[in-house]
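Heads up, the thing below is written out as structure tokens.
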Amino acid sequence: MAVATKISSGALAERSGQELALSRAAGDLLVLAHVYTATLVLGIGALFGMLQGFSRANFIVMPPWFDYYRMLTAHGVLMALVFTTFFITGLFTFAVYRTIPRIRSTRLGWIGYCTMLVGTVTAAIEILAGNASVLYTFYAPLKASPLFYLGATLLVLGTWVVAADLFLNVAWFKRVERGARIPLPAFMAACTMIMWIIATLGVVAEMLLLLPWSLGWTAGIDVGLTRMFFWYFGHPLVYFWIMGAYTIWYTVVPATFKGRVFSDPLTRLAFVMLLLLSTPVGLHHQYLDPGVSAGWKWLHTMTTYGVAIPSFMTAFAIFATFEIAARRAGVRGFLNVVRWLPWRDPVFAGPALGMILFIFGGFGGIVNNSYSMDVLVHNTMWIVGHFHITVGGPVALTFIGATYGLIPALTGRQLFAPKLALAQVYTWFVGMAIMSTAMHWAGLLGSPRRTSDVSYFGAQGAATWHWQMVWAAIGGTIIAISVLMFIVVATGTYVVNRKAAVRPDLEFAPADDQAAPAPAVLDRLGRWGLVAIGLAVLAYAGPVAQQIQAHAYLAPGMRTW
Amino acid sequence: MHVHPQERLWMTVGLGILVLFAAIITTSAIVDGFVPPSRVQSIDPTKVAQTPPFDHPGLRKIADGAYEAYYVARIFSFAPAEIRVPAGSRVTFYVTSADVEHGFSIPATGVNTMVTPGWVSSVSHTFKDRGTFLLVCNEYCGAGHHTMAAKVTVE
Numbered sequence: 022m023a024v025a026t027k028i029s030s031g032a033l034a035e036r037s038g039q040e041l042a043l044s045r046a047a048g049d050l051l052v053l054a055h056v057y058t059a060t061l062v063l064g065i066g067a068l069f070g071m072l073q074g075f076s077r078a079n080f081i082v083m084p085p086w087f088d089y090y091r092m093l094t095a096h097g098v099l100m101a102l103v104f105t106t107f108f109i110t111g112l113f114t115f116a117v118y119r120t121i122p123r124i125r126s127t128r129l130g131w132i133g134y135c136t137m138l139v140g141t142v143t144a145a146i147e148i149l150a151g152n153a154s155v156l157y158t159f160y161a162p163l164k165a166s167p168l169f170y171l172g173a174t175l176l177v178l179g180t181w182v183v184a185a186d187l188f189l190n191v192a193w194f195k196r197v198e199r200g201a202r203i204p205l206p207a208f209m210a211a212c213t214m215i216m217w218i219i220a221t222l223g224v225v226a227e228m229l230l231l232l233p234w235s236l237g238w239t240a241g242i243d244v245g246l247t248r249m250f251f252w253y254f255g256h257p258l259v260y261f262w263i264m265g266a267y268t269i270w271y272t273v274v275p276a277t278f279k280g281r282v283f284s285d286p287l288t289r290l291a292f293v294m295l296l297l298l299s300t301p302v303g304l305h306h307q308y309l310d311p312g313v314s315a316g317w318k319w320l321h322t323m324t325t326y327g328v329a330i331p332s333f334m335t336a337f338a339i340f341a342t343f344e345i346a347a348r349r350a351g352v353r354g355f356l357n358v359v360r361w362l363p364w365r366d367p368v369f370a371g372p373a374l375g376m377i378l379f380i381f382g383g384f385g386g387i388v389n390n391s392y393s394m395d396v397l398v399h400n401t402m403w404i405v406g407h408f409h410i411t412v413g414g415p416v417a418l419t420f421i422g423a424t425y426g427l428i429p430a431l432t433g434r435q436l437f438a439p440k441l442a443l444a445q446v447y448t449w450f451v452g453m454a455i456m457s458t459a460m461h462w463a464g465l466l467g468s469p470r471r472t473s474d475v476s477y478f479g480a481q482g483a484a485t486w487h488w489q490m491v492w493a494a495i496g497g498t499i500i501a502i503s504v505l506m507f508i509v510v511a512t513g514t515y516v517v518n519r520k521a522a523v524r525p526d527l528e529f530a531p532a533d534d535q536a537a538p539a540p541a542v543l544d545r546l547g548r549w550g551l552v553a554i555g556l557a558v559l560a561y562a563g564p565v566a567q568q569i570q571a572h573a574y575l576a577p578g579m580r581t582w
Numbered sequence: 016m017h018v019h020p021q022e023r024l025w026m027t028v029g030l031g032i033l034v035l036f037a038a039i040i041t042t043s044a045i046v047d048g049f050v051p052p053s054r055v056q057s058i059d060p061t062k063v064a065q066t067p068p069f070d071h072p073g074l075r076k077i078a079d080g081a082y083e084a085y086y087v088a089r090i091f092s093f094a095p096a097e098i099r100v101p102a103g104s105r106v107t108f109y110v111t112s113a114d115v116e117h118g119f120s121i122p123a124t125g126v127n128t129m130v131t132p133g134w135v136s137s138v139s140h141t142f143k144d145r146g147t148f149l150l151v152c153n154e155y156c157g158a159g160h161h162t163m164a165a166k167v168t169v170e
């Protein structure tokens with residue numbers, strides 16, 4: 022009897038082991054769909070970006086059937102809203118599924134993915150057809166076709182479904198492993214998705230105004246209010262990207278050199294601070310807006326300085342991780358530590374090169390927040406340079422580097438042309454450094470952003486920034502070549518299908534065993550979410566009330582393209 | 016929670032810098048009155064052409080060396096297309112939009128503001144140097160956005 026029980030429990034374990042493996046494979050397929058969608062979108066977006074550079078440098082004039090502003094809308098939406106979002110939802114699904122292994126259904130995850138995809142395709146068709154040349158900020162009263170707004174809404178709602186799937190998995194873990202800490206990568210995923218839901222409430226509120234208006238059900242729109250709703254969402258959007266990149270910096274990057282997470286408690290604290298402080302800062306995008314009092318702008322300046330704090334913590338933690346691991350390997354001295362790091366591994370080199378760019382991106386961010394300086398650069402090419410050296414630098418390079426680890430881990434295939442992958446991240450770094458330097462410089466000279474031709478019929482003032490536009494086009498071309506290399510490696514890995522001898526995996530670094538466990542209160546993510554909502558209300562109740570109280574005249578919609 | 020002494024030092028210095036920046040911004044706001052253009056005055060964007068003073072956009076002399084300039088931004092031009100002021104003049108610009116969102120920027124000066132339909136924007140600047148300044152729309156407003164420019168001549 023005892024023997025029989027043993028055999029049957031062994032068989033049971035084997036069966037559940039098989040089911041676990043099947044469940045893991047099903048999860049991997051879902052993540053792969055996210056990652057490849059992001060890859061494809063990056064390719065299209067980069068081609069458009071290069072052509073924009075050519076247009077601004079007066080090398081080409083875009084034809085009327087595919088004009089500059091249509092292409093610019095596509096570039097902004099695909100890069101800022103689609104590429105980043107698909108990669109991050111895929112990354113977090115991976116982080117939660119891998120660190121909380123269980124037999125699970127991926128149905129909810131697929132519903133989320135498909136909703137995002139349908140939304141993206143709907144919005145993209147409208148943009149490419151020329152029915153939504155409103156740029157990725159879609160400022161009213163520029164009026165796009167209702168399908169564009171519907172598509173954008175579906176993209177957001179799809180991410181909510183993905184978030185629900187991740188929350189359910191974390192809740193399952195807390196229920197089953199009573200008292201255990203949420204695994205760090207899953208904690209980061211859940212924390213970021215809570216922040217994201219709070220942030221996207223702004224864009225959903227805006228859509229509730231825009232959709233009926235674009236359908237002709239309402240005659241006019243409160244332009245100031247839609248701008249405020251957009252930027253309530255627009256800045257935490259940036260932190261959504263950054264928290265995705267930080268998740269990789271904290272947990273994946275150290276694993277490439279057998280390092281450890283510097284401090285588990287401080288990492289959780291940094292993420293909770295990002296959750297709390299990402300939202301009550303959005304007015305710093307509206308410093309030059311009429312209809313918003315200077316006092317509210319000042320308040321958001323102060324809170325924006327606050328959101329720099331978790332980034333300072335992150336900078337310390339990442340460099341400490343490098344140094345501690347190097348010391349463990351017996352390496353000392355700044356240059357020796359730098360040389361010791363695995364610069365020939367694209368999973369390390371991508372994020373690490375991104376960190377170098379982010380040092381400058383962070384400085385620029387502090388400049389932009391200091392409104393006396395922002396007045397000089399607002400809506401100039403400086404801003405374009407700033408977000409290319411941030412989202413196009415650390416964020417994109419980190420996602421690309423991680424993709425080189427993710428695709429082999431998800432498919433069991435060897436990375437195709439690893440040397441090309443390595444060359445790719447360095448090429449991107451060089452291209453982005455050239456392009457964003459030129460853009461920052463042009464901005465200081467006053468060159469406006471979002472403009473197809475900045476020569477102003479040969480006006481004297483416009484001549485000063487022409488050469489910077491040529492340099493930006495050169496940098497943009499290098500980046501576009503780099504993206505082509507990335508797509509060759511990413512798709513080549515799947516198509517060439519060379520099975521790895523040992524199944525590759527993307528590892529998460531363990532936490533430093535020296536560190537004491539994090540205070541349990543940090544894991545109460547639901548409560549931190551409520552605090553974050555409270556802070557957002559405190560920061561926005563006044564400005565929104567001001568918008569509504571002032572005689573807000575409604576503006577009729579217009580199609581000016 | 017254990018915090019490494021070196022991290023404590025790093026965070027103290029970092030926080031110190033942020034506090035310094037915040038103090039500079041706050042002081043310049045209180046002492047010099049330096050705040051970004053933040054006028055809160057609404058206007059019906061569909062009736063700009065009938066609403067004084069925007070029914071007659073242009074330059075008004077207030078006193079010696081002090082001017083007010085009323086601008087209407089509409090796709091894809093500014094009215095007035097050119098103003099002329101003597102060097103050393105302080106000009107206060109009042110701008111509103113008759114249609115969509117626009118920008119109002121004179122590169123190489125501190126003149127820069129959004130122009131939002133439904134609101135009046137205001138920004139002041141003292142023009143010390145002679146020359147012809149380019150005034151551009153720096154917010155996308157439609158197919159002809161890159162042609163939307165005007166001139167400020169300082170004599």
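Protein sequence lines, in the order shown, are assigned to chains A and B.
Under this note's numbering, the residues of the first sequence are numbered 22 to 582, in order.
Under this note's numbering, the residues of the second sequence are numbered 16 to 170, in order.
Glycine included, every Cβ here is placed at the ideal spot set by N, Cα and C.
Asked, Found
"Could you say which of A/Leu309, A/Phe278, A/Thr300 lies nearest to A/Leu258 if we only look at CA atoms?", "A/Thr300"
"Per DSSP, what kind of secondary structure is A/Tyr157 in: helix, strand or coil?", "coil"
"Would a check of beta-carbon distances place B/Leu35 closer than 8 Å to chain A?", "no"
"Using 10 angstroms around the beta-carbon of A/Glu35, count the other beta-carbons present and answer buried if the total reaches 16, otherwise exposed.", "exposed"
"Which of the residues in the stretch 83 to 116 of chain B, read from start to end, lie with their CB under 7 Å from any CB of chain A?", "Ile90, Asp114, Val115, Glu116"
"Are the beta-carbon atoms belonging to A/Val183 and A/Thr114 less than 8 Å from one another?", "yes"
"Going by beta carbon distance, what residues of the same chain come within less than 6 Å of A/Ile121, once the five residues before and after it are set aside?", "Asn190, Phe194, Ala207"
"Taking the CB atoms as reference points, tell me whether A/Arg348 and A/Met402 lie closer together than 8 Å.", "no"
"Whose C-alpha, out of B/Pro95, B/Gln65, B/Val169, B/Tyr155, is nearest the C-alpha of B/Val110?", "B/Pro95"
"Can you tell which of A/Trp181, A/Leu230, A/Asp243 has its C-alpha closest to the C-alpha of A/Ile218?", "A/Trp181"
"Give the residues of chain A in contact with B/Thr61, contact being defined as C-beta atoms less than 7 Å apart.", "Pro577"
"Opposite A/Val388 in the DSSP bridges: which residues?", "Its beta-bridge partners do not exist; DSSP assigns none."
"In the DSSP assignment, what residue or residues form a beta bridge with B/Trp177?", "Limits of chain B in this structure are 16 at one end and 170 at the other, which puts residue 177 of chain B out of reach."
"Using a C-beta to C-beta distance shorter than 9 Å, which residues of chain B count as neighbours of A/Asn400?", "Gly118, Ser120, Asn127, Met129, Asn153, Glu154"
"Apply the 10 Å Cβ neighbour rule to B/Arg23 and answer buried if 16 or more other Cβ atoms are within range, or exposed otherwise.", "exposed"
"From this set, A/Met228, A/Tyr157, A/Leu295, which residue's C-alpha is nearest A/Met334's C-alpha?", "A/Leu295"
"By DSSP's criteria, B/Met129 is part of a beta bridge. Which residues make up the other side?", "B/Gly118"
"Using a Cβ-Cβ cut-off of less than 9 Å, give me the residues of the stretch 457 to 474 of chain A that come near chain B, in sequence order.", "Leu466, Gly467, Ser468, Pro469, Arg470, Arg471, Thr472, Ser473, Asp474"
"Leaving out five residues before and five after A/Gly172 in sequence, what residues of the same chain have Cβ atoms less than 6 Å from its Cβ?", "Gly140, Thr143, Ala144"
"What residues in its chain sit with their C-beta under 6 Å from that of A/Pro577, if we drop five residues either side in the sequence?", "Gly241"
"For A/Trp317, is the beta carbon positioned less than 7 Å from some heavy atom of the ligand SAH?", "Ligands are entirely absent from the displayed structure, and the ligand SAH is therefore not among its contents."
"Give the single residue among A/Ile269, A/Gly312, A/Ile263, A/Val274 whose Cα lies nearest to the Cα of A/Asp243.", "A/Gly312"
"Give the single residue among A/Ala417, A/Leu51, A/Val98 whose Cα lies nearest to the Cα of A/Thr110.", "A/Leu51"
"What separation, rounded to the nearest whole angstrom, lies between the Cα atoms of A/Gly255 and A/Ala220?", "8 Å"
"At the 8 Å Cβ level, is A/Ser235 part of the contact set with chain B, yes or no?", "no"
"Counting only Cβ pairs nearer than 8 Å, list the residues of chain A close to B/Val169.", "Those do not exist, as B/Val169 stays about 13 Å from chain A at its closest Cβ, beyond 8 Å."
"Can you grab the Cα-Cα spacing for the pair B/Gly80 / B/Phe108, in whole Å?", "14 Å"
"Decide if A/His96 is buried, meaning its Cβ has at least 16 other Cβ atoms within 10 Å, or exposed.", "buried"
"How would you label A/Asp285, buried or exposed, when you count the other beta carbons within 10 angstroms and need 16 or more for buried?", "buried"
"Among the residues of its own chain, which have a CB less than 6 Å from the CB of B/Gly157, if the five just before and after it don't count?", "Ile90"
"In the stretch 278 to 289 of chain A, which residues sit with their C-beta less than 8 Å from some C-beta in chain B, listed in chain order?", "Ser284, Pro286, Leu287"
"So which residues on chain B does A/Gly406 lean against when the C-beta distance must stay under 8 Å?", "Those do not exist, as A/Gly406 stays about 15 Å from chain B at its closest Cβ, beyond 8 Å."
"Quick one: give me the first and last residue of the beta strand (DSSP E) that B/Leu175 is part of.", "The first residue shown for chain B is 16 and the last is 170, placing residue 175 of chain B beyond what the model contains."
"Roughly how far, in whole angstroms, is the beta-carbon of A/Trp262 from the beta-carbon of A/Ile339, given that I think they are within contact range, below 8 Å?", "Actually they are not in contact, since the Cβ atoms of A/Trp262 and A/Ile339 sit about 17 Å apart, beyond 8 Å."
"Hey, out of A/Gly265, A/Leu575, A/Leu178, whose CA is closest to B/Lys62's CA?", "A/Leu575"
"What residues from chain B crowd round A/Leu171, counting only those whose CB sits closer than 7 Å?", "The contacting residues do not exist; A/Leu171 stays about 22 Å from chain B at best."
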